[in-house]
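Working notes, structure below.
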Amino acid sequence: MTIFGESAGSASVTFLPLIEGSEGLFKRCIAQSANIAYCDTMEHGIHVTQSFLSVTGCQTMDELMELTTEEIIDAYLKAAAIDGNCLLGAANFPLLDGITLPEDRAVMYEMWGDEKRSKIDLLIGSNQDEIRYFLPLEGGEEAFANTLSWIAKRDRAMLNDQEKVMYDEFMNTLANESELSRLEQYCNDINFRAGNTNIAIRHSAAGGNTYMYFIKKPVTTPYLGVMHAAELPYLFDTPSTDPMGSGEIVSAEDCEFRHVIKEMWTNFARTGNPSTDKYEWKKFSGDDRQTMVFDDDIGMQKDIFGRREDLMMSWAERLGNGSSKRVC
């Protein structure tokens, strides 16, 4: 079968083929945005559980089962605040338990480059302004900027001396952009792009059929750009309401992207090749990093992030995504 998902669904798509016993179940995978970076240590999983239990006052599963849905949601939000997490308290991720998933995140990247996973066709990619999805959820531009700054500073503090030099070089590649734009690009990369590219490089090197995409247009809401999940209304032909709260229906316009994304995804599920009669989608490799770019013009581009992507991959594999790195 072909499995595909976006955000948490995309992360699941990259986790499932790694689980023992899954061999032969998945013929093709489409991962839209998130990836195996979205996981957590057992240590932090226990910490989150303890925070949740302390809020509920429960000690057993039977007691938890007696809570209403409203009580569970309320407790989760309070526990997330206690945990000091950012971006909506997204404190729950698959755990590196050494049973379902390896204890070492790096091992999962290696697994995407082994013979078993190379038999799975992979289509993977991200959007230009992924992280701006969280802007309205963070309460506005200032709070959003503060959160991103906190993430970047926290991440740098966790790096070794060599990685800190590479971090600074990464930021210097964005020297001509505003401070907020630099922070956004850092968080886009650490949360989405670096992990996707790492997987794609390993998968293609093992002989897998690998296809990469990057979405720069269409913009659903100008203030938020091509944010996380922006492609979904076009993929499923469903209108989307302005996430800034205006009540306006956005992304309902007819455009080339609306038609081509459905055809490409369908072709990939059917044949393992997302190309159409109009657009040839070349396979990705670590050498030239061929990427289908959806912009005013749709077409293939090589190595669209250059040195910047290689710099981040050196520490992104170890640290994981920007929302799950917390100090207990």
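FYI, the numbering for the sequence shown is 738 to 1065, going by the working numbering.
From the three backbone atoms N, C-alpha and C, an ideal C-beta is built for every residue, glycine too.
Own chain partners of residue i with C-beta closer than 7 Å, once the 5 adjacent residues on each side are dropped
| i | result |
| --- | --- |
| Glu867 | Ser770, Asn925, Asn928, Phe929, Met964 and His965 |
| Gly962 | Gln865, Asp866, Arg869 and Val956 |
| Met1049 | Phe907, Asp926, Ile927 and Ala931 |
| Leu896 | Tyr904 and Trp1052 |
| Pro754 | Phe763, Cys766, Arg854 and Ile857 |
| Ser749 | Gly742 |
Sequence-distant residues of its chain with Cβ nearer than 8 Å to residue i (five each side left out)
| i | result |
| --- | --- |
| Glu993 | Ile1035 |
| Met680 | Residue 680 lies beyond the stretch modelled for the chain, which goes from 738 to 1065, so this question has no answer here. |
| Arg1055 | Arg842 and Ala843 |
| Asn946 | Asp858, Leu859, Gly1009, Asn1010 and Lys1020 |
| Asp1032 | Lys953 and Lys954 |
| Leu833 | Cys776, Asp777, Thr778, Met779, Pro839, Glu840, Asp841 and Arg842 |
Where residue i falls, given that 16 or more other Cβ within 10 Å makes a residue buried
| i | result |
| --- | --- |
| Gln796 | exposed |
| Trp887 | exposed |
| Thr1003 | exposed |
| Val844 | exposed |
| Phe973 | exposed |
| Asp1057 | As written in the sequence, residue 1057 is Gly, which differs from the Asp given in the question. Per the 10 Å Cβ criterion, buried. |
| Ile767 | buried |
| Ser863 | buried |
| Gln899 | exposed |
| Ser915 | exposed |
| Asn772 | buried |
| Gly794 | exposed |
| Met949 | buried |
| Glu780 | exposed |
| Asp777 | buried |
| Leu814 | exposed |
| Glu1046 | buried |
| Cys823 | Bear in mind that the predicted position of Cys823 carries a pLDDT of just 43, short of 50, making it unreliable; the figure below should be weighed with that in mind. By the neighbour-count rule (16 or more Cβ atoms within 10 Å), Cys823 is buried. |
| Pro959 | exposed |
| Pro1011 | buried |
| Asp685 | Residue 685 falls outside the range modelled here, since the chain spans only 738 to 1065, and no answer is possible. |
| Ser791 | exposed |
| Thr975 | exposed |
| Leu874 | exposed |
| Ile998 | buried |
Run of the alpha helix (DSSP H) containing residue i, from where it starts to where it stops
| i | result |
| --- | --- |
| Arg869 | Note, Arg869: premise wrong, no alpha helix (DSSP H); not H, not E. |
| Arg854 | Glu852 to Ser855 |
| Gln1027 | Unbroken run through Gln1027 is the beta strand (DSSP E), Gln1027 to Phe1031; no alpha helix (DSSP H). |
| Glu743 | Looking at the DSSP string, Glu743 is not in any alpha helix (DSSP H); the run it does join, the beta strand (DSSP E), is Thr739 to Glu743. |
| Arg891 | Glu878 to Ala894 |
| Asn1010 | Element bounds for Asn1010: n/a, residue is neither H nor E. |
| Glu985 | Note, Glu985: premise wrong, no alpha helix (DSSP H); not H, not E. |
| Ala943 | Neither: Ala943 is in no alpha helix (DSSP H) and is coded neither H nor E. |
| Asp799 | Met798 to Met802 |
| Arg930 | It is not in any alpha helix (DSSP H) - Arg930 carries neither H nor E in the DSSP assignment. |
| Asp905 | Asp898 to Asn909 |
| Ser788 | Met779 to Thr793 |
| Ala912 | From DSSP, Ala912 is part of no alpha helix (DSSP H); its letter is neither H nor E. |
| Met845 | Arg842 to Met848 |
| Tyr775 | Neither: Tyr775 is in no alpha helix (DSSP H) and is coded neither H nor E. |
| Phe973 | Leu969 to Phe973 |
Sequence-distant residues of its chain with Cβ nearer than 6 Å to residue i (five each side left out)
| i | result |
| --- | --- |
| Ser1022 | Ser941 |
| Leu917 | Ala882 |
| Thr934 | Glu1046 |
| Ala816 | Ser788, Phe789 and Val792 |
Proximity of residue i and residue j at Cβ, strictly below 8 Å
| i | j | result |
| --- | --- | --- |
| Gly737 | Ala774 | Shown here, the chain extends from 738 to 1065; a query on residue 737 therefore has no answer. |
| Leu920 | Leu885 | yes |
| Met1029 | Thr1013 | no |
| Ser855 | Gly944 | yes |
| Ile936 | Thr739 | no |
| Arg842 | Phe1005 | no |
| Ala889 | Tyr846 | no |
| Trp849 | Arg995 | no |
| Leu969 | Glu743 | yes |
| Lys1015 | Asp1025 | no |
| Phe789 | Ala818 | no |
| Glu878 | Leu872 | yes |
| Thr837 | Ile756 | yes |
First through last residue of the beta strand (DSSP E) which encompasses residue i
| i | result |
| --- | --- |
| Asp1040 | Taken as a continuous stretch (DSSP letters only), Asp1040 belongs to no beta strand (DSSP E), as it is neither H nor E. |
| Gln680 | Residue numbering for the chain in the displayed model covers 738 to 1065; residue 680 lies beyond these limits and cannot be assessed. |
| Tyr948 | Thr947 to Ile952 |
| Arg765 | Arg765 to Gln769 |
| Ile861 | Asp858 to Asn864 |
Report task. Evaluate the contact criterion for the segment 892-912 versus the segment 829-837: three or more CB pairs, one atom per stretch, below 8 Å. Result -> Cβ pair count under 8 Å is below three, so no.
* Is the number of C-beta pairs between the segment 792-812 and the segment 847-861 that are closer than 8 Å three or more? -> Cβ pair count under 8 Å is below three, so no.
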